[in-house]
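Protein chains in written order, with the UniProt record's numbering: chain A, 1 to 719; chain B, 1 to 719.
Following: one structure in structure tokens, then a few remarks.
Number of protein chains: 2
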Amino acid sequence: MADKELQKRHKPAAPLSEPMRGIPGFFYDLKPAEPQGANSLQVERAKATFDSSKMTRFLFTNYLGGIVNEVQDVLENDETFSKENRYYMGRSERFLDRLKMDSKFAQLARELKWDDARRTMGSLLIDEPGTFSLHTGMFMPCLNSQGTDEQRKYWLGLAHNYRIIGCYAQTELGHGSNVQGLETTATYIPETEQFEIHSPSLTASKWWVGGLGKTATHAIVMARLITKGKDFGPHAFIVPIRSLENHKPFAGIMVGDVGPKMGFNCVDNGFILFNKYRIPRDHMLMRYSKVDKEGNYSAPPVQKISYGTMIFVRAYLVASSALALARGATVAIRYSAIRRQFTDPEASKNDEVFQQYVPQNPKLKCETAVIDYSLQQYRLFPIIAQSYALHFSGFWMLRIYMKMMKNMNDGNMDLLPEVHAASSGLKSLTTTIAAAGIEECRRSCGGHGYSLFSGLPDFLNTFLPLVTLEGDNHLLTQQTSRYLLKQLRKYKQDPSSIPKSDGSTTKYLGAMPTKSWTAAKTEADLQNPLILLEAFAHRSQRLVIELATKMAKGQVWNDSLIEMYAISKAHCQYILLKNFVHAAYHDKRAAANEVAPVLVTLCVLFGLSTMESELSEFVEDGFVSQKQTVWLRAQIKKSLAAVRPNAVALVDSWGIPDYVLNSALGRYDGKVYESMFEMALKEPLNVNARAHGDVVEGYEEFLKPLIQRGLSSDDKAKL
Amino acid sequence: MADKELQKRHKPAAPLSEPMRGIPGFFYDLKPAEPQGANSLQVERAKATFDSSKMTRFLFTNYLGGIVNEVQDVLENDETFSKENRYYMGRSERFLDRLKMDSKFAQLARELKWDDARRTMGSLLIDEPGTFSLHTGMFMPCLNSQGTDEQRKYWLGLAHNYRIIGCYAQTELGHGSNVQGLETTATYIPETEQFEIHSPSLTASKWWVGGLGKTATHAIVMARLITKGKDFGPHAFIVPIRSLENHKPFAGIMVGDVGPKMGFNCVDNGFILFNKYRIPRDHMLMRYSKVDKEGNYSAPPVQKISYGTMIFVRAYLVASSALALARGATVAIRYSAIRRQFTDPEASKNDEVFQQYVPQNPKLKCETAVIDYSLQQYRLFPIIAQSYALHFSGFWMLRIYMKMMKNMNDGNMDLLPEVHAASSGLKSLTTTIAAAGIEECRRSCGGHGYSLFSGLPDFLNTFLPLVTLEGDNHLLTQQTSRYLLKQLRKYKQDPSSIPKSDGSTTKYLGAMPTKSWTAAKTEADLQNPLILLEAFAHRSQRLVIELATKMAKGQVWNDSLIEMYAISKAHCQYILLKNFVHAAYHDKRAAANEVAPVLVTLCVLFGLSTMESELSEFVEDGFVSQKQTVWLRAQIKKSLAAVRPNAVALVDSWGIPDYVLNSALGRYDGKVYESMFEMALKEPLNVNARAHGDVVEGYEEFLKPLIQRGLSSDDKAKL
Ligand SMILES: Cc1cc2nc3c(=O)[nH]c(=O)nc-3n(C[C@H](O)[C@H](O)[C@H](O)COP(=O)(O)OP(=O)(O)OC[C@H]3O[C@@H](n4cnc5c(N)ncnc54)[C@H](O)[C@@H]3O)c2cc1C
Ligand SMILES: Cc1cc2nc3c(=O)[nH]c(=O)nc-3n(C[C@H](O)[C@H](O)[C@H](O)COP(=O)(O)OP(=O)(O)OC[C@H]3O[C@@H](n4cnc5c(N)ncnc54)[C@H](O)[C@@H]3O)c2cc1C
């Protein structure tokens, strides 16, 4: 059960409590048919075998919990940040609304002296990409890491106070993944000590740049540095875009918004073309590469520090994927516990609400909660397990990132290749899992999942670009595989290089290959996550060895991409399970908070269901036997049953505030149907019609002529 | 190459040919970097091994082709049906725009005396659900099948001329799938010979009803018939909703729109609540069930005719899923042939465009078309194969439906259970495949797939409800499985009942179970679709037998839903492959049009890739051996290579007009980048800004105060 501190996060007004204009009186007497959603959720919460507020504390920390409430209080009490109209707005309105929020947020953050943690929490709670997202998320970090001390002092000072608003312009209409193929040039003109930024073609136009379309005053532009006739490839330049006095774009550039998107419509992703546009020499970011006054280029010292940022961003994306799944699951699980459809007494035998009705008084109708249908559990409970799995690996990545950075500061780069490989594959795998999971959650809500009021469509559409951004999910797997192939070779050539530590993600590659899953001797062994982990290690090792063999026999790179995708996935599923095992068994805080048992249950479900979804790769070489697959499918059912009593508490544990969910189906209080109705009544088509005798705009022009064509007024009266 | 008749379907104006206000002159001198998209597509089309216009004729018929062009001509020449602004409109605008189109379309159809085929083609070309969709799609058919002759005459006459506009109100806020659980009542009042329609609770509100929100004048309402104190369950009633004189809703009802959705925003899906609302007795549809003046109820004679409509609708959905996939593939394949990213000479070795550049003149850059990366092929080519597979099964369903209806008219119901089972499972499987495939196509376009201009997001969002509508895809599989389990029992008890005809979809259930895939003796055997089909039959049979055994041992229904889902899928994948084999080998028109060889290639790819995606079910019982799985993966690569030269021609063959694609990436002429730019320039945020010195609305209010806070005008000038 959640404690008071957590309950505070869920405080939306009871729906339909205020009368609205133009609604007939009889409406206000209506209640949803029995049983009420609140009742169902209450019963669910009461039967949990662990304390969800302790789980919340285990997942995050007390510190974070405090910040949520603090920042949420500020935002919820300011009209500017109201989400009431979000689902009704078209593109232009939504952009403007967001601009207003960003402006107000900047002001608030300054006044309340919010630190970075609070600012980040603010964005998480506002829960929408913003027009300034790239300003804080890319422009400033890039200045920070690539600017000279002088540049940092000057530009970061301006940026921090929103004197200038920046964006990051790398992608072009013709090039995204292949950064080396960018066309925009920056040619050094020694005579004037300037760079001339130029777009030689239509496809050279920068494209997709967040905040550039309408907002930014400055862009960091990646352009091919050309000096003394030589092309040194893409480098970063600070380019002024719009006048600070009147916000007009400068002559010599053409800038605008790239148009409507699947989501992200509150952001002005933009394009920009340069026509021999000049900037001073000191606008090139010169911490590493430099061009002197004469135009002599000096290359950067070999530096891998910039990988750090990339790995940090990916750790963040893995953790975000966890929260995204958790959010999808929160809506789908709560709604599934409330939604009742058909009556199956066998399915409802453990449902107290059902038992209060049907058996005691067969005249009282009560249907089966859809959460009690085994197929619904099979679709949704693995998603709960995945959300926890992703969370533990996200935090693992953050920990290992910090360790790595510490090492690197001491000149030790050892961890980098391993962490880079894991981060590429994990970013790819976890964002793919989350995107699929959110959509499955949405579908599991039936028709109402298609309504924006469910909170899932808009959220999914905002999440979706993550499968493409920060490295396309298919491309990324080549990085991971390249590393694994290399390690395999190394371990073979020099067995002493095989890692000894269990902390290593690739130790398994050096192990003696096994032929069959001998550790799983009885069906009950499949409830042991360590035995499952062994199977994952075997599968990944086998796939890597097989590809290495093929390539040794001459299979070229391009013919190996399919296998590389599989290998990266296998390796990262192994990591996910490994980190989950660690959290459930070895994290002392889990034991202290009495959540270890439920985590073990969940960890097993994660292992089993992941194994089932990739079963052919475990079976095809004879590793997992026919008998073991039968056990597997049976044990999945057992795990689903074990998770069942804790399903609602497990999603409650994430503590995602109603303010974030913005969902009629996922509300903490279970008032699903009242909330759907209230939101529908506020639909502008309804509000406008109610203001005009409940007749729709367009009637006179488009419907009346059709309906009344050629009728006399006499006829009309008759109809 | 496509012939002239087909080329006519692709005639959008060249993009960027007309200057726009506020665009600097240098813009018009820019071209996309070489090579041009048109060039790439031309080379692709030239290397096809078959004639795509013949394939078009094979897939459809000459007759249909003629209608496309005829109707498209009318629509493309009428401003009302322009799609130019579709992607920029918000909800209310889009609804109004659609209402305008519907009104005009009704008028045109009347004037031009369009038959049903032309009207249907019109909706397909307009390519958007409409406010009148349910009027023609459900209201009229329902009147037709359930109304008495008198009712039909009266109401259909009005409906046909749009004197009234109808909708179909079954689903309620609380009940969708379980129709028997509907709450709305229709209580007969003998004194006044009326029914009193009433909503006893909030959840009794009708919900989701297309066209009800703002447009319809009448609804067919499904309500529980109560007469003489007895509840006879849901029956259909014609209920007047809005005045024909002024379109105001009548007193005693509360009606409105259910609010914004993931898609379908041009439709006014609506809710309605009834407060003891009276209608005359003769408004009950009384073809089968009747209530006389005194309130005596007479039940319908047992009649299975209504299954006919359902099966027809599902056949239509299977065929629509084919077209939907084809459309996704058209965009993704054309764009992949144009999009170039990174250089891999090995991958581009068969690319003539690449060869013209790099090897001959290494200074000319040319990157690898992404269609030449094996992973991209692995993602996309199976989708092409699926689109053909679904098409053949959709047409098979239509044929068998017609045969069944003919039989039924002769009193022979034999086909019904088999066709009903197949139609349930196929609707579920094919809409699921199509939804996944469209999204995969979208992602395979990288960042640009996220732009509405790609044509895919909007289209996907419109397609998505089909996984929930007309039977939720998960629920439906229970119908198919129930039938298969029953047949298995029957065949066991009475072997003489095992079908003899190869036309039967369940003959395999009665075959002697086999232990291993002996037919696949060599790797080359996997290129034989008949041998593949055998494996699909085995797998489905095994799964059905295993579930039957479990249930015989006492496994209850609810514990069997997971297996039922698997069985239904296995059975329907078998049907899809079976029908594909038929089309490629036995359809004389395929041979006559010289498309049989390419169809065989595609059929093999469909079989192999489907087998791979479900591999564990083929392998886990030892049927497919370890060696055979190795062959399988190798043969998939071979099939991908075999499809490669025909990829563009295979999507061209569907003949989907540019007017429908509405896609910058999928245009027939390959002018991808020009088109992206033109569409971006028309984005309202840009148009509005250009009208105001290129400064965004909201600048003065939200940006200026932030940027210029506390600055003197002196400072500003300096910045
Ligand atoms: C919402 C959104 C916001 C964005 N914000 C910004 C921003 O602020 N600043 C910025 O600079 N950019 C931004 N981008 C651009 C983004 O970084 C790119 O879209 C992304 O990197 C993908 O590149 P691409 O579009 O060129 O994909 P492509 O590389 O063209 O990919 C197309 C297809 O080809 C495949 N492919 C490509 N190369 C290979 C290969 N070698 N092997 C196998 N397959 C291959 C891919 O897997 C994919 O399926 C944004 C994009 C979006 C959608
Ligand atoms: C765009 C759109 C247009 C529509 N138009 C119309 C219209 O014009 N007229 C109209 O009357 N209706 C319309 N509908 C409603 C539509 O028919 C229903 O939404 C649909 O039938 C699904 O029912 P539901 O929403 O009650 O889903 P539910 O039955 O509530 O499904 C919720 C979840 O429970 C699961 N579930 C339910 N029962 C079982 C079971 N026995 N075993 C296992 N799992 C189960 C489902 O699989 C699903 O995952 C429309 C809906 C949409 C989205």
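All C-beta atoms, glycine included, are put in the ideal place defined by N, C-alpha and C.
Identity of the residue in the options nearest residue i by Cα
i, options, result
"glycine 607 (chain B)", "B:Lys54, B:Asp525, B:Ala236 and B:Arg91", "B:Asp525"
"asparagine 686 (chain A)", "B:Ser444, B:Gly256 and B:Ala322", "B:Gly256"
"aspartate 231 (chain B)", "B:Lys290, B:Phe312, B:Thr187 and B:Met286", "B:Thr187"
"glutamate 674 (chain B)", "A:Leu173, A:Phe58, A:Tyr154 and A:Lys11", "A:Leu173"
"serine 103 (chain A)", "A:Phe271, A:Ala169, A:Asp652 and A:Ala216", "A:Ala216"
"alanine 422 (chain A)", "A:Thr505, A:Val353 and A:Gln355", "A:Thr505"
"valine 221 (chain B)", "B:Leu158, B:Ser177 and B:Met138", "B:Met138"
"glycine 37 (chain B)", "B:Cys366, B:Ser393 and B:Glu701", "B:Cys366"
Residue i burial status per 10 Å Cβ neighbour count (16 or more: buried)
i, result
"tyrosine 63 (chain A)", "exposed"
"arginine 709 (chain B)", "exposed"
"asparagine 473 (chain B)", "buried"
"arginine 314 (chain A)", "buried"
"valine 581 (chain A)", "buried"
"alanine 337 (chain A)", "buried"
"arginine 334 (chain A)", "buried"
"aspartate 621 (chain B)", "buried"
"glutamine 386 (chain B)", "buried"
"phenylalanine 250 (chain B)", "exposed"
"histidine 692 (chain A)", "exposed"
"asparagine 579 (chain B)", "buried"
"threonine 522 (chain B)", "exposed"
Helix, strand or coil at residue i according to DSSP, with G and I counted as helix
i, result
"glutamate 18 (chain A)", "coil"
"glutamine 194 (chain A)", "strand"
"tyrosine 154 (chain B)", "helix"
"residue 729 (chain B)", "Because chain B is modelled from 1 through 719, residue 729 (chain B) falls outside the range shown and cannot be assessed."
"leucine 484 (chain B)", "helix"
"histidine 607 (chain B)", "One point to set straight first is that residue 607 (chain B) is glycine, not histidine, in the sequence displayed. DSSP places glycine 607 (chain B) in helix when its eight states are reduced to three."
"proline 513 (chain A)", "coil"
"leucine 273 (chain B)", "strand"
"glutamate 701 (chain A)", "helix"
"arginine 278 (chain B)", "strand"
"lysine 228 (chain A)", "coil"
8 Å contact criterion, which residue i and residue j should meet: CB distance rounded
i, j, result
"arginine 224 (chain A)", "proline 234 (chain A)", "6 Å"
"leucine 41 (chain A)", "isoleucine 384 (chain A)", "Going by Cβ atoms, the distance from leucine 41 (chain A) to isoleucine 384 (chain A) rounds to 16 Å, so no, they are not a contact pair."
"methionine 262 (chain A)", "phenylalanine 453 (chain A)", "About 19 Å separates the two Cβ atoms, so there is no contact after all."
"glycine 666 (chain A)", "valine 331 (chain A)", "3 Å"
Closer than 8 Å to chain E by CB, residue i
i, result
"proline 15 (chain A)", "You won't find chain E in this structure, because its protein chains are A and B."
>> Is it the case that the region 390 to 400 of chain A contacts the region 372 to 379 of chain A, given that we only count it when at least three CB pairs across the two stretches are under 8 Å?
In response: no
>> Whether or not the region 198 to 214 of chain A and the region 24 to 42 of chain B are in contact is what I'm after, with contact meaning three or more pairs of Cβ atoms, one per stretch, closer than 8 Å; do they touch?
In response: Counting Cβ pairs under 8 Å, three or more are found: they touch.
> Is the number of C-beta pairs between the region 461 to 477 of chain A and the region 496 to 507 of chain B that are closer than 8 Å three or more?
Replying inline: no
>> Closer than 8 Å is the cut-off here; do at least three beta carbon pairs connect the region 120 to 132 of chain A with the region 123 to 143 of chain B?
In response: No, because fewer than three Cβ pairs between the region 120 to 132 of chain A and the region 123 to 143 of chain B fall closer than 8 Å, the two stretches do not touch.
>> Between the region 644 to 653 of chain B and the region 555 to 569 of chain B, can you find at least three pairs of beta-carbon atoms closer than 8 Å?
In response: no
>> With three or more beta-carbon pairs closer than 8 Å as the criterion, would you say the region 509 to 516 of chain B touches the region 621 to 640 of chain B?
In response: yes
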